[in-house]
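In the working numbering, the protein residues as written are 4 to 227.
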């Protein structure tokens, strides 16, 4: 769910793949790869106006605009096991197999974004498309994406909550809510503010390493 200068109308699907290493009963380290898409539109009745910075080629036609963005992201996150850190959650977890995590981290987001007129579909502005730095004429812009290496790259800051329900020693179901804050260029409309998006996910995890007996299930206070 995207939040920016041009807001997204609906939720769009994305995919995240993660690998997690349990460091202790309290902390885990997680690396993630996420791929997805933003899209949104606004009508001509808007309090946000195009100017020389947001519309350098003077292409906005005054009847609304929309954007489409595709992104790839690699993250590194630290997870705090709240079920072991907080006695109340630890008691609850032992009875229903739930584990709660607080997570934070940083990432690199690689994206391409394209802003067009809503009615005519004519080009306004783009990032990560060929021709942006070339003297081709505006009519050639926004037709072909740069390869992944040459697309814009931005730092992303991450904060979220994750819940895991353990079915057995190998399989768990997860529910994740994560906010990512990054560039103002995700919607191809740059006013110097930070765009952000919430990532809501349902999925599963499977233990591929050696099972450490009760490492996640016993809090330090219980062990003592």
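Every residue gets a Cβ at the ideal spot worked out from N, C-alpha and C, and that includes glycine.
From a predicted model like this one, the values you see are computed outputs, not experimental measurements.
Sequence-distant partners of residue 185 (beyond 5 residues in either direction) whose C-beta falls short of 6 angstroms from its own C-beta, in its chain, are 112, 157, 159. Using a 10 angstroms sphere on the CB of residue 206, the tally of other CB atoms stays under 16, which defines it as exposed.
The Cβ atoms of residue 71 and residue 27 do not sit closer than 9 angstroms to each other. Under the Cβ criterion (8 angstroms, minimum of three pairs), the segment 185-200 does not count as touching the segment 146-154.
Residue pairing of residue 170 in beta bridges, as defined by DSSP: absent, with no partner found.
Taking C-beta separations shorter than 7 angstroms and ignoring five residues to either side along the sequence, the partners of residue 66 in its chain run 47, 120, 121, 122, following chain order.
Across the structure, residue 16 and residue 183 are spaced so that their CA atoms are roughly 16 angstroms apart. Per DSSP, residue 35 is one residue of the beta strand (DSSP E) stretching across 30-45.
Under the criterion of beta carbons closer than 8 angstroms, residue 132 and residue 77 do not qualify as touching, at roughly 22 angstroms. In this structure, the straight-line span from the alpha carbon of residue 84 to that of residue 201 is close to 21 angstroms.
Residue 205 carries a strand assignment under DSSP once its states are collapsed to helix, strand and coil. Distance from the CA of residue 68 to the CA of residue 45, rounded to the nearest whole angstrom, comes to 6 angstroms. Nearest C-alpha to residue 129 among 6, 189, 88: 189. CA-CA distance, residue 18 to residue 89, rounds to 31 angstroms. Secondary structure at residue 152: helix, using DSSP grouped into helix, strand and coil. Residue 127 is not bridged by DSSP to any residue.
In the DSSP assignment, residue 194 forms no beta bridge with any residue. Nearest Cα to residue 108 within the set 118, 181, 7: 181. Spatial neighbours of residue 177 in its own chain (CB-CB distance under 8 angstroms, excluding positions within 5 residues in sequence) are listed in chain order as 165, 166, 167, 168, 204, 205, 206, 207, 208.
Assigned with DSSP and collapsed to three states, residue 86 falls in helix. Around the beta-carbon of residue 53, 16 or more other beta-carbon atoms lie within 10 Å, marking it buried. DSSP places residue 62 outside both helix and strand once states are collapsed to three, so it counts as coil.
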